[in-house]
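What follows is a single structure, written as structure tokens, with notes after it.
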Amino acid sequence: MTDHDHPAGDDDSSPGNSSGDLEGTGGRARLGFPGGRLRPADWTALAQLAAEHSGHLQLSYGGVVQIPGAQDENSLRERAQAAGLTSRLVHETGRTILASPLAGRLPGRNDLGDLPERLDAALDAHQDASSLAAPVVFGFDDGSGDVLAHGPDLAAEAGPEDGMARIHAGGHDTGLRTSIADVVSVLVDAVAGLSRAAERPATVNSSSVMHDLVVTLSDHPLTTRTDLTASGAPTGRDEVPPVGWVDTLDGLVTLLAVVADGVVPARLAEFLGAIERPSTISADRVIGLHGLTEGMAEQVVRVLAPMGLVFDATSPWVRRHPET
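The sequence shown begins at 1 in the numbering used here and counts up one residue at a time.
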């Protein structure tokens with residue numbers, strides 16, 4: 001086995017170390033997408049930016065895309081704007097918004113709708129919430145536990161068929177619930193409360209800050225307390241392979257894949273955009289291609305596997321987050 005066959009380490013190995021959108025730091029620009037959701041046009045724009053710099057993209061844990069070799073921040077911002085990525089410019093808090101990539105596509109995977117995008121917009125629009133100095137990792141879990149396994153600072157776990165969500169703080173169930181319709185407001189108000197504190201926290205994962213968060217959430221008019229013992233992973237879910245072919249409820253196919261070292265060459269990114277289907281980058285750097293017909297899925301595997309997209313679940317490049 002060559003050195004290239006061994007999964008290498010990553011100096012950005014946790015969601016909390018990932019910034020939200022675009023930032024010129026140390027020759028490495030960072031772009032983020034709410035919930036790790038990318039449109040085909042996003043891949044096309046990223047391919048253009050990568051081709052103008054190092055020639056490749058680097059996927060980071062937490063669903064962030066990096067562009068190595070970006071030395072001139074102002075120039076990169078101009079190029080990002082020209083490529084249609086203005087809305088991905090980094091927020092100074094370096095927030096991250098995670099979401100389950102298979103939400104609504106499999107039994108037991110509750111639909112999350114546009115919650116990541118709504119939260120991103122609401123945080124930008126709320127002066128107090130957007131001014132919090134500490135980086136915050138938000139999460140939306142479809143009930144499968146895949147996002148909660150990463151211990152986000154603030155998360156909402158969609159409940160089965162009742163239009164409600166459980167609120168988690170610091171990786172723990174708070175015992176509080178709110179409606180899916182109100183969950184964005186609750187999360188934004190909780191963070192805004194921290195920003196109005198006499199001393200703004202440098203980090204939100206300390207025990208004292210988490211205590212304050214839970215108190216704020218408990219006092220919120222849109223939350224109610226529920227029985228903690230009722231929480232837990234839903235039963236009857238389909239077992240999903242870490243990568244590979246997944247038949248979804250709509251009769252279509254999702255393909256899950258990884259790339260060696262998390263590196264996506266510009267040419268591969270260009271092909272991902274050409275598929276013209278929605279895609280995701282999970283917190284574990286897994287690329288999801290969704291809404292494919294069987295014929296399309298077969299063609300994607302045939303064309304993109306030789307270009308470096310790995311669909312083999314036994315590959316050493318497949319790294320699953322430990323169960324918690």
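We treat Cβ as the ideally placed atom computed from N, Cα and C, and that holds for glycine.
Under 9 Å between C-beta atoms of residue i and residue j
{"i": "residue 178", "j": "residue 224", "result": "yes"}
{"i": "residue 48", "j": "residue 266", "result": "yes"}
{"i": "residue 52", "j": "residue 30", "result": "no"}
{"i": "residue 84", "j": "residue 50", "result": "no"}
{"i": "residue 310", "j": "residue 246", "result": "no"}
{"i": "residue 115", "j": "residue 169", "result": "no"}
{"i": "residue 249", "j": "residue 105", "result": "yes"}
{"i": "residue 57", "j": "residue 71", "result": "no"}
{"i": "residue 122", "j": "residue 75", "result": "no"}
{"i": "residue 148", "j": "residue 254", "result": "no"}
{"i": "residue 113", "j": "residue 167", "result": "no"}
{"i": "residue 222", "j": "residue 182", "result": "yes"}
{"i": "residue 297", "j": "residue 289", "result": "yes"}
{"i": "residue 165", "j": "residue 98", "result": "no"}
Residue i: first and last residue of the uninterrupted beta strand (DSSP E) it sits in
{"i": "residue 274", "result": "Note, residue 274: premise wrong, no beta strand (DSSP E); alpha helix (DSSP H) at 266-274."}
{"i": "residue 211", "result": "Taken as a continuous stretch (DSSP letters only), residue 211 belongs to no beta strand (DSSP E), being part of the alpha helix (DSSP H) at 207-218."}
{"i": "residue 247", "result": "244-247"}
{"i": "residue 173", "result": "172-179"}
{"i": "residue 226", "result": "Looking at the DSSP string, residue 226 is not in any beta strand (DSSP E), and its letter there is neither H nor E."}
{"i": "residue 254", "result": "253-257"}
{"i": "residue 106", "result": "Note, residue 106: premise wrong, no beta strand (DSSP E); not H, not E."}
{"i": "residue 279", "result": "279-281"}
{"i": "residue 166", "result": "164-169"}
{"i": "residue 60", "result": "56-60"}
{"i": "residue 355", "result": "The question about residue 355 has no answer, for the chain in this structure spans 1 to 324."}
{"i": "residue 96", "result": "96-99"}
Nearest-angstrom beta carbon gap, residue j and residue i [assumed within contact, 8 Å]
{"i": "residue 59", "j": "residue 280", "result": "In fact, because the Cβ distance is near 11 Å, the residues do not count as touching under 8 Å."}
{"i": "residue 217", "j": "residue 190", "result": "5 Å"}
{"i": "residue 252", "j": "residue 243", "result": "Rounded, the Cβ-Cβ distance is 18 Å, inconsistent with contact."}
{"i": "residue 100", "j": "residue 138", "result": "Rounded, the Cβ-Cβ distance is 13 Å, inconsistent with contact."}
Of the residues the options, the one placed nearest residue i, counting alpha carbons only
{"i": "residue 285", "options": "36, 29, 31", "result": "36"}
{"i": "residue 143", "options": "157, 208, 153", "result": "157"}
{"i": "residue 64", "options": "124, 270, 263, 106", "result": "263"}
{"i": "residue 329", "options": "184, 310, 150", "result": "Beyond the ends of the chain as shown, which are 1 and 324, falls residue 329; an answer cannot be given."}
{"i": "residue 314", "options": "145, 241, 194, 167", "result": "241"}
{"i": "residue 207", "options": "153, 219, 227, 248", "result": "153"}
{"i": "residue 226", "options": "305, 159, 111", "result": "159"}
{"i": "residue 195", "options": "76, 209, 298", "result": "209"}
{"i": "residue 275", "options": "76, 110, 295", "result": "295"}
{"i": "residue 69", "options": "82, 54, 77", "result": "54"}
{"i": "residue 110", "options": "125, 146, 283, 221", "result": "146"}
{"i": "residue 124", "options": "107, 163, 96, 108", "result": "96"}
{"i": "residue 77", "options": "45, 98, 108", "result": "45"}
{"i": "residue 188", "options": "120, 164, 301", "result": "120"}
{"i": "residue 136", "options": "203, 165, 180, 113", "result": "203"}
{"i": "residue 293", "options": "287, 305, 117, 278", "result": "278"}
{"i": "residue 43", "options": "268, 317, 205", "result": "268"}
{"i": "residue 304", "options": "287, 318, 291, 316", "result": "287"}
{"i": "residue 34", "options": "82, 81, 118", "result": "118"}
{"i": "residue 220", "options": "176, 82, 107", "result": "176"}
{"i": "residue 316", "options": "171, 82, 300, 261", "result": "261"}
{"i": "residue 270", "options": "307, 32, 205", "result": "307"}
Boundaries (first-last residue) of the alpha helix (DSSP H) holding residue i
{"i": "residue 43", "result": "40-51"}
{"i": "residue 192", "result": "183-195"}
{"i": "residue 71", "result": "No alpha helix (DSSP H) holds residue 71; DSSP gives it neither H nor E."}
{"i": "residue 261", "result": "Careful: residue 261 lies outside any alpha helix (DSSP H) and carries neither H nor E."}
{"i": "residue 377", "result": "Here the chain covers residues 1 to 324 and nothing more, so residue 377 does not appear."}
{"i": "residue 302", "result": "294-304"}
{"i": "residue 118", "result": "115-125"}
Residue i CB to nearest heavy atom of the ligand ADP below 8 Å
{"i": "residue 210", "result": "As presented, the structure is devoid of all ligands, the ligand ADP included, so that no description of it is given."}
Residue-chain proximity (residue i, chain B), Cβ-Cβ < 9 Å
{"i": "residue 77", "result": "In the structure shown, chain B does not exist; there is a single protein chain."}
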